[in-house]
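240 is the number that numbering that gives the first Met the number 0 gives to position 241 of the sequence shown; each next residue is one higher, with no gaps. No residue lacks a Cβ here, since even glycine has one placed at the ideal position from N, Cα and C. Note that the structure is predicted; figures quoted are calculated from it, not measured. Step one of this worksheet: look at the structure below.
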Amino acid sequence: MLELSVMNDFDLIAIGDIVTDAFIRLKEAEVHCDVNRENCTISLPFAEKIPYEDVFIVPAVGNSPNAAVAASRLGLKSAIATNIGDDENGQHCLDKLKKEGVATDFVLVQEGKKSNYHYILWYADDRTILIKHEKFDYKLGNLDTPKWVYLSSLGENSLDFHKEIAGWLKTKPEIKLAFQPGTYQMNFGKEKLKDIYERTNIFFSNVEEAERILEIDTLGIQELLVRIHALGPKIVVITDGPKGAYVYDGGKTLFVTPYPDPKPPFERTGAGDALSSTVVSALALGNDLETALKWGAINSMSVVQKIGAQEGLLSREEIEKYLASAPAEFVVKEA
């Protein structure tokens with residue numbers, strides 16, 4: 000169980016599963032897409048020995064750990080509330096978090112459990128992720144009153160845990176909630192997580208995830224924004240891959256262009272996490288929404304130049320340097 004009792008004054012506490020990613024860089028594969036390149040599949044020879052180019056092991060990642068690391072690099076006091084197994088992979092995750100300056104006060108080691116481990120099939124500049132969330136015993140203790148809670152991916156047995164989180168947040172109206180639904184949170188459906196959506200200050204997803212949450216295909220961006228906003232979030236952010244991101248607050252819609260890549264993307268894992276967590280961190284630092292969106296786009300650009308979701312995350316000074324030299328076409332404008 001995740002028993003939390005430490006008093007604190009954190010700027011951000013991220014709640015969600017932590018994982019080790021094993022990137023397997025493929026040499027021989029085929030990608031098949033429809034005419035719009037929106038629905039693609041990767042093919043590998045069956046019952047064959049398939050050469051791969053390299054493998055990279057990246058501990059302490061996942062939507063919520065990525066958010067905690069991004070916040071720490073930007074100068075916030077951040078922590079992660081998560082579970083690991085009593086194994087070597089779990090220890091590697093702890094070591095990495097401490098190295099990044101992320102507090103591990105709320106990390107529980109569960110005896111007899113394995114730490115989460117995902118495999119990433121990396122081909123060209125994109126990836127397919129094979130995921131498995133261990134069935135941890137989720138329980139919320141005392142997180143005191145952080146300025147922000149960043150809630151994201153949890154396991155398929157975590158529905159009651161979400162109800163506990165929602166109940167706790169009702170007693171802490173001063174806490175702001177960022178919600179970036181993960182796979183099983185989308186599987187639960189919007190009705191079962193109704194209290195979470197209604198309590199959310201800022202929501203993040205990509206276009207495909209928003210359609211999945213709403214159980215509707217091929218809606219336009221504006222309609223997606225409006226319908227997600229109707230679920231309760233005060234601000235809705237929907238990313239559209241390398242095209243940019245859209246933001247809706249119930250009144251106006253903004254669009255942030257992507258920050259131009261200095262060179263072709265190397266690997267796209269964590270681009271959405273970088274934008275989401277950086278926007279929240281910038282807001283926590285007192286910036287307005289338009290500045291926060293620019294920070295997020297810059298960090299997203301940086302992350303895809305590296306392997307994994309964290310290596311490319313920037314400091315506040317680095318982001319401000321990119322912002323100061325931003326090209327004229329990098330803007331936030333009304334859509």
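So is residue i buried or exposed if we call it buried at 16+ other beta carbons inside 10 Å?
{"i": "His-31", "result": "exposed"}
{"i": "Lys-293", "result": "buried"}
{"i": "Leu-253", "result": "buried"}
{"i": "Glu-208", "result": "buried"}
{"i": "Ile-215", "result": "exposed"}
{"i": "Gln-221", "result": "exposed"}
{"i": "Ala-70", "result": "buried"}
{"i": "Ala-46", "result": "exposed"}
{"i": "Asp-16", "result": "buried"}
{"i": "Val-54", "result": "exposed"}
{"i": "Pro-172", "result": "exposed"}
{"i": "Thr-170", "result": "exposed"}
{"i": "Thr-277", "result": "buried"}
{"i": "Cys-92", "result": "buried"}
{"i": "Met-0", "result": "Interpretation of Met-0 is limited by its pLDDT of 42, a score under 50 that renders its predicted location unreliable; no figure is taken from the coordinates."}
{"i": "Thr-81", "result": "buried"}
{"i": "Ile-56", "result": "exposed"}
{"i": "Asp-136", "result": "exposed"}
{"i": "Ala-229", "result": "exposed"}
{"i": "Lys-139", "result": "Going by the sequence as given, residue 139 is Leu instead of Lys. It is buried - the Cβ of Leu-139 has at least 16 other Cβ atoms within 10 Å."}
{"i": "Leu-176", "result": "buried"}
{"i": "Leu-192", "result": "buried"}
{"i": "Ser-301", "result": "buried"}
{"i": "Thr-199", "result": "buried"}
{"i": "Pro-263", "result": "exposed"}
{"i": "Leu-129", "result": "exposed"}
Which residues does DSSP list as the beta-bridge partners of residue i?
{"i": "Thr-252", "result": "Tyr-247"}
{"i": "Asp-287", "result": "For Asp-287, which the question treats as bridged, DSSP gives no partner whatsoever."}
{"i": "Leu-150", "result": "Ile-14, Phe-178"}
{"i": "Gly-271", "result": "Its beta-bridge partners do not exist; DSSP assigns none."}
{"i": "Asn-82", "result": "Leu-107"}
{"i": "Phe-202", "result": "Phe-178, Val-235"}
{"i": "Tyr-122", "result": "Asp-125"}
{"i": "Ser-77", "result": "Leu-11"}
Per DSSP, what kind of secondary structure is residue i in: helix, strand or coil?
{"i": "Asn-65", "result": "helix"}
{"i": "Asp-104", "result": "strand"}
{"i": "Gly-219", "result": "coil"}
{"i": "Glu-52", "result": "strand"}
{"i": "Ala-59", "result": "strand"}
{"i": "Lys-320", "result": "helix"}
{"i": "Glu-333", "result": "strand"}
{"i": "Ser-157", "result": "coil"}
{"i": "Leu-292", "result": "helix"}
{"i": "Thr-127", "result": "strand"}
{"i": "Leu-117", "result": "Here residue 117 turns out to be His, not Leu, going by the sequence shown. Strand, per DSSP."}
{"i": "Thr-19", "result": "strand"}
{"i": "Ser-314", "result": "coil"}
{"i": "Phe-265", "result": "coil"}
{"i": "Asp-260", "result": "coil"}
{"i": "Val-303", "result": "coil"}
{"i": "Asp-94", "result": "helix"}
{"i": "Ala-325", "result": "coil"}
{"i": "Leu-139", "result": "coil"}
{"i": "Leu-230", "result": "coil"}
{"i": "Pro-172", "result": "coil"}
{"i": "Pro-241", "result": "helix"}
{"i": "Ala-308", "result": "coil"}
Any chance you could list the beta strand (DSSP E) runs of at least 3 consecutive residues sitting entirely within the segment 23-47, in chain order?
Entirely contained in the segment 23-47, the beta strand (DSSP E) runs reaching 3 residues are, in chain order, 29-32, 39-42.
Three or more C-beta pairs below 8 Å linking the segment 246-264 and the segment 314-329:
Here the segment 246-264 lies against the segment 314-329, with 3 or more beta-carbon pairs under 8 Å apart.
Three or more C-beta pairs closer than 8 Å, one from the segment 268-283 and one from the segment 301-308: is that the case here?
Note that the segment 268-283 touches the segment 301-308; at least 3 beta-carbon pairs, one per stretch, sit closer than 8 Å.
Inter-stretch contact at 8 Å, needing at least 3 Cβ pairs: the segment 147-157 / the segment 174-191
They touch, by the three-pair rule.
When the Cβ atoms of the segment 137-154 are set against those of the segment 237-248, are three or more pairs found closer than 8 Å?
Counting Cβ pairs under 8 Å, fewer than three are found: no touch.
How do the segment 14-28 and the segment 56-63 stand: do at least 3 beta-carbon pairs fall below 8 Å, yes or no?
With the cut-off at 8 Å, the segment 14-28 and the segment 56-63 touch.
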